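Under the numbering used here, the first residue of the sequence shown carries the number 291, and numbering increases by one thereafter.
Ideal Cβ positions, reconstructed from N, Cα and C, are used throughout, including at glycine.
Remember, it's a predicted structure, so these values are computed and weren't measured experimentally.
Worksheet: the structure to be examined is printed underneath.
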Amino acid sequence: MSGMTESGFPFDNLYGPSALADWDPDTQLGVPGEYPFTRGVYPSMYTGRPWTMRQYAGFGNAAESNARYKQLLGAGQTGLSVAFDLPTQMGYDSDDPIASGEIGKVGVAIDSVDDMGVLFGGIPLDKVSTSMTINAPASTLLLMYQLVAEQQGVPGSALTGTIQNDVLKEYIARGTYIYPPAQSIRLITDIFAYCRAELPRWNTISISGYHMAEAGATPAQEIAFTLSDGIEYVRAAIAAGMDVDEFAPRLAFFFVSRTSLLEEVAKFRAARRMWARIMREEFGAKNPKSLMLRFHTQTAGVQLTAQQPEVNLVRVAVQGMAAVMGGTQSLHTNSFDEAIALPTEKAARLALRTQQVLAYETDLTKTIDPFAGSYVVESLTDEVEAAATALMTQVADLGGAVAAIEQGFQKSEIERSAYRIANEIDDGERVVVGVNKFTVETEEHYEPLRVDPTIEAQQTERLAVLRAERDNAAVTAALDELKRAAEGTDNCLPPMKRALAAKATGGEVANALRAVWGTYQPIDVM
Numbered sequence: 291m292s293g294m295t296e297s298g299f300p301f302d303n304l305y306g307p308s309a310l311a312d313w314d315p316d317t318q319l320g321v322p323g324e325y326p327f328t329r330g331v332y333p334s335m336y337t338g339r340p341w342t343m344r345q346y347a348g349f350g351n352a353a354e355s356n357a358r359y360k361q362l363l364g365a366g367q368t369g370l371s372v373a374f375d376l377p378t379q380m381g382y383d384s385d386d387p388i389a390s391g392e393i394g395k396v397g398v399a400i401d402s403v404d405d406m407g408v409l410f411g412g413i414p415l416d417k418v419s420t421s422m423t424i425n426a427p428a429s430t431l432l433l434m435y436q437l438v439a440e441q442q443g444v445p446g447s448a449l450t451g452t453i454q455n456d457v458l459k460e461y462i463a464r465g466t467y468i469y470p471p472a473q474s475i476r477l478i479t480d481i482f483a484y485c486r487a488e489l490p491r492w493n494t495i496s497i498s499g500y501h502m503a504e505a506g507a508t509p510a511q512e513i514a515f516t517l518s519d520g521i522e523y524v525r526a527a528i529a530a531g532m533d534v535d536e537f538a539p540r541l542a543f544f545f546v547s548r549t550s551l552l553e554e555v556a557k558f559r560a561a562r563r564m565w566a567r568i569m570r571e572e573f574g575a576k577n578p579k580s581l582m583l584r585f586h587t588q589t590a591g592v593q594l595t596a597q598q599p600e601v602n603l604v605r606v607a608v609q610g611m612a613a614v615m616g617g618t619q620s621l622h623t624n625s626f627d628e629a630i631a632l633p634t635e636k637a638a639r640l641a642l643r644t645q646q647v648l649a650y651e652t653d654l655t656k657t658i659d660p661f662a663g664s665y666v667v668e669s670l671t672d673e674v675e676a677a678a679t680a681l682m683t684q685v686a687d688l689g690g691a692v693a694a695i696e697q698g699f700q701k702s703e704i705e706r707s708a709y710r711i712a713n714e715i716d717d718g719e720r721v722v723v724g725v726n727k728f729t730v731e732t733e734e735h736y737e738p739l740r741v742d743p744t745i746e747a748q749q750t751e752r753l754a755v756l757r758a759e760r761d762n763a764a765v766t767a768a769l770d771e772l773k774r775a776a777e778g779t780d781n782c783l784p785p786m787k788r789a790l791a792a793k794a795t796g797g798e799v800a801n802a803l804r805a806v807w808g809t810y811q812p813i814d815v816m
């Protein structure tokens with residue numbers, strides 16, 4: 291393993307001028323803030339201000355998560371990032387039998403606009419940027435957020451943040467899809483059009499490689515499959531009648547940052563350069579903002595270990611450095627205890643402090659793109675780009691991202707990489723400190739955070755009260771209007787918003803769309 295990169299090409303013991311013999315700094319490097327953006331999307335990068343520190347958090351009910359958000363904001367966090375529980379991610383209410391046992395476990399349970407109001411109670415939504423990791427029901431949660439903002443007197447034009455809204459990667463690596471791909475993409479383009487008019491400062495999608503990387507994708511696979519998904523979304527929006535420069539400036543991306551620091555820096559730089567060329571050459575984008583690959587980064591959860599969990603503090607620091615040196619726009623650093631359970635308050639604070647040390651105690655923010663011209667990083671950047679481009683060509687030859695997904699291409703490629711990594715760990719070829727080397731005989735006892743088991747009953751009671759007190763005829767009428775929009779070509783978000791304002795639940799909205807579009811059934815490609 292010591293002689294190979296994560297993407298599978300040889301690591302030279304020494305890099306020198308010969309590594310860049312055919313390298314053209316004018317076309318491949320440029321200057322920060324200018325095409326092809328290899329050196330960063332903004333001219334000043336962190337010399338102007340640090341990246342947004344956005345710690346991913348959410349558990350239990352809305353009140354508990356609200357308390358955690360206020361604690362993180364008080365500790366110096368500069369943006370919010372919401373984790374939703376699995377029923378919310380899958381479009382089920384907390385009282386649905388299929389949701390039993392999962393309420394509040396891996397994120398916060400949000401069933402209605404009332405829950406969303408509690409989640410952001412006392413937090414002025416015109417003063418914070420909020421990222422929501424939600425995909426299939428992204429439109430529902432975004433509209434709930436907008437309704438809560440309106441209750442605060444905050445117009446949609448003042449709201450800033452991001453919804454993940456990247457369903458294609460769910461079919462590849464994660465599994466929290468609801469509707470078939472064509473209908474999912476239709477809903478995504480409806481979001482693009484709605485936000486252009488109603489929430490112009492909102493990032494309408496965060497095209498994600500993170501979950502593919504967590505499933506085993508190499509750096510080259512991560513950016514290849516992510517950018518291929520991005521191409522699919524851009525084509526769909528153009529086919530729906532939108533001009534590329536109307537929506538492309540609000541596209542964002544989401545990547546992992548591993549402990550393989552040098553290759554991760556190269557990966558980020560290659561991704562920026564590739565996307566700029568794709569947008570200019572394939573789609574004819576003219577607005578410089580349409581060419582910018584702006585991205586959020588999360589450190590690699592899959593590399594955290596339950597053994598000797600304090601060692602994860604070191605891993606996260608290295609991963610955070612890679613993201614910063616690679617030019618990320620916002621960053622989440624994982625808590626050291628996340629391989630065991632949801633983060634405790636202390637662990638979450640330490641994760642935030644890791645970012646603050648990087649921003650304020652190191653010299654990483656004093657200069658822009660410190661690796662520019664590095665023999666090893668520039669060589670790796672070219673190699674990652676070449677490998678990713680070859681994979682993207684394979685996806686295109688199969689008919690594009692959706693067709694390749696339906697044929698199982700991306701999933702099978704990632705599974706092969708994951709199998710190789712697992713074998714390397716089992717054989718001891720890949721060292722994991724505390725797992726297959728440098729182990730201890732007795733682990734210290736660690737008390738994890740536990741979610742209150744009564745939350746499921748609490749949420750069920752809240753839903754019963756909500757349904758008893760609302761105007762159910764108004765809810766039914768609004769959901770019927772949503773179904774008619776889904777059957778035709780009207781934008782689904784305006785009737786969806788009216789239904790949520792009438793106190794329809796997230797599960798009821800998803801069920802209305804399920805009734806029209808059905809649910810996705812994965813094809814067995816074996």
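Rounded straight-line distance, which links the Cα of residue 313 to that of residue 400: 51 Å
Residue 807 classed as buried or exposed, judged by whether at least 16 other C-beta atoms fall within 10 angstroms: It counts as buried.
Other residues of its chain near residue 536: CB distance less than 7 Å, five sequence neighbours each side excluded: 486
For residue 545: DSSP bridge partner residues: 587
Rounded straight-line distance, which links the Cα of residue 365 to that of residue 639: 7 Å
Whole-number beta carbon distance between residue 586 and residue 344, since they are thought to touch under 8 Å: Yes, they are in contact, since the Cβ atoms of residue 344 and residue 586 sit about 7 Å apart, within 8 Å.
9 Å Cβ cutoff, residue 463 in contact with chain D: Judged by its chain identifiers, the structure shown contains no chain D, having just a single protein chain.
Per DSSP, cross-strand counterpart(s) of residue 438: Within the DSSP bridge table, the entry for residue 438 names no partner.
Collapsed DSSP secondary structure at residue 796 in the structure displayed: helix
Cut-off 7 Å between Cβ atoms - residues of its own chain near residue 748, not counting five sequence neighbours on either side: So the qualifying residues of the chain are 351.
Proximity to residue 358 [Cα-Cα], best of 321, 413, 388 and 337: 413
Beta bridge counterpart(s) of residue 343 as assigned by DSSP: 621
Boundaries (first-last residue) of the alpha helix (DSSP H) holding residue 422: It is not in any alpha helix (DSSP H) - residue 422 instead sits in the beta strand (DSSP E) that spans 419-423.
Limits of the beta strand (DSSP E) - the one that residue 642 falls within: From DSSP, residue 642 is part of no beta strand (DSSP E) but of the alpha helix (DSSP H) over 635-650.
Cβ separation of residue 328 and residue 563, assumed to be a contact under 8 Å, to the nearest whole Å: 5 Å
C-alpha distance - residue 575 paired with residue 540, whole-angstrom precision: 13 Å
Alpha helix (DSSP H) runs wholly inside the stretch 299-360, at least 4 long, in chain order: 315-318
Outcome for residue 543 when other beta-carbon atoms lying within 10 angstroms are tallied against a minimum of 16: buried
Endpoints, alpha helix (DSSP H) assigned at residue 378: 376-379
Residue 451 in three-state terms, based on DSSP: Three-state DSSP puts residue 451 in a strand.
The stretch 633-648 touching the stretch 308-324, judged by at least three CB pairs closer than 8 Å: no
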